[in-house]
Amino acid sequence: MNRTETKKHHTARSTEADYSKAERSVRTRRTAAGAVTYFFLALWALIVLFPFYWMILTSVKSYGAYNSEYIPKFFTLSPTLQNYIDAFTAVPLGRYFVNTILFTVLTTAAMMVVITLAAFAFARLDFKGRNAAFLLFLSLMMIPNELVIITNFVTITNLGMRNTFQGLILPSITSVFYIYLLKENFEQVPDSLYRAAKVDGTSDMKYLLKVLVPISKPTLITVTILKVIECWNSYVWPRLITDDEAYYLVSNGIQEIRENGFGRENIPAMMAAVVVISLPLILLFLIFHKKIMAGVSRGGIKG
C-alpha cells in the first residue's frame, strides 16, 4: 500500500469515526429529549388522573373510616362496596339512569337530523342570502348560554312543557358549532361530484344520504359521541325545567342524593354515586377517543 492509498484509508476511517460520533451525539440528544418529554407527560397524566383515583378511593371507604382520618390517606386496607349499594337504594338512581339514556338517545338522534340537513343546505344548496344567513347563524355563538337558558325557560313554560321530556329535549336538538363543523366537512367534497349527481337525476336528499353522509361518517360519529357526553353531563337546564323526580337525570340525581339520600356529610357514599354516574362516559371516551380526535381534525382541514 503506497502513501496515497494509506492517506486515503486513514481519511476514510477518520470520516467514518466522525460520522459515528455525530450519529451517537444525535441519538443521545434525541433520547434525552424523549426522556424529558415522557417525564412531563407522565407528570401531567398523574395530575389529571389523581382526582379520579381519589374519587374511587373515597368511594370504597366506609363512613367511619373516612371521618376518622385526620390526615387523608392515599390508600385503604379495608375497602367496602356498601356505598355503591346505598347509591341505588337511597334514591331511585336506576330510574335516573333510564331517564338519562332516553333523554340522550332522543336528543342526539333529533340533533343529528337537524344539523345534517342544515349543514347540507349551507354547504350545497344555492339560495338567496345563504352566506348572510350563515354569518348571522354563526353570530349566535357569541350569545352567552345563560341568556339562551332564560329565553328557553320562558318559551317552554309558556308552552306548558315543564316536567316533560319534550321540554327537556327541544332546546337541545341543534348546535351552531356542530352545524359549522359538518358544513366544513361537506364542503371538502368536490363540487364536480354534486354536479355529476344532479346531471344523473339524483335528488338532493339521495345525494346527501348516499354520498355526503358516508364520506363524512368520521365527523358524524364524533359529533354523536360529543353530543352524548354533553347530554349525559347536562345539569342546569334539566334542573331548571323539572322539579318532578320522575324526570330527573343522573346529573340532577347527585343533588337529590346529597339532599334527601345520604346527607351532606356522607362523602364516601356521594363519591360512589359519582363513580357510577361517571363510568359510562369514561368507557365511552376510552373506546372512541381516536374517532373523536380524527373527526375533529378532519372537520378542520380544507382542501
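Numbering (this note's numbering), first residue to last: 9 to 311. Every residue, glycine too, gets a C-beta built ideally from N, C-alpha and C.
Residue i versus residue j - alpha carbon distance
i	j	result
Leu190	Met279	38 angstroms
Thr172	Ala131	35 angstroms
Leu54	Gln263	29 angstroms
Lys225	Asn260	33 angstroms
Ile229	Ile223	12 angstroms
Lys81	Ser67	13 angstroms
Phe105	Ile187	29 angstroms
Lys136	Leu217	24 angstroms
Leu57	Gly209	55 angstroms
Leu89	Pro59	19 angstroms
Val44	Glu31	20 angstroms
Ala73	Tyr243	31 angstroms
Ile79	Pro87	18 angstroms
Ala254	Ala41	56 angstroms
Leu85	Ile64	14 angstroms
Asn139	Val113	32 angstroms
Residues near residue i by beta carbon distance below 7 angstroms, same chain, minus five either side
i	result
Gly102	Phe96
Trp245	Ile157 and Pro179
Asp252	Asn171
Leu220	Phe128, Phe194 and Val197
Tyr202	Arg132 and Tyr215
Inter-residue CB distance, residue i and residue j (contact presumed, cutoff 8 angstroms)
i	j	result
Leu248	Phe161	6 angstroms
Pro276	Ser70	7 angstroms
Val231	Thr108	Val231 to Thr108, Cβ: 19 angstroms. No contact.
Leu294	Ile237	With a Cβ gap of about 12 angstroms, Leu294 and Ile237 do not count as contacting.
Spatial neighbours of residue i in its chain, beta-carbon cut-off 8 angstroms, leaving aside the 5 residues before and after
i	result
Ile309	Reliability of the predicted coordinates at Ile309 is poor, the pLDDT of 45 falling under 50, and no value is obtained from them.
Ala118	Ile177 and Ile181
Phe47	none
Residue closest to residue i, alpha-carbon to alpha-carbon, out of the options
i	options	result
Lys235	Val121, Phe47, Val68 and Thr84	Val121
Lys298	Ser242, Thr227 and Tyr255	Thr227
Leu148	Thr115, Leu114, Asp134 and Phe185	Phe185
Cys239	Ala204, Leu201, Leu176 and Ile64	Leu176
Asp134	Leu294, Met119 and Asp199	Asp199
Pro288	Tyr255, Ile265 and Asn241	Asn241
Asn91	Ile290, Ile265 and Leu294	Ile265
Tyr61	Phe83, Ala43, Trp52 and Ala50	Phe83
Thr124	Gly42, Val282, Ala254 and Glu192	Glu192
Three-state class that DSSP yields for residue i in the structure shown
i	result
Ser86	coil
Gly209	coil
Phe58	helix
Phe135	coil
Lys225	helix
Lys81	coil
Lys69	coil
Gln263	helix
Ile109	helix
Glu195	coil
His297	helix
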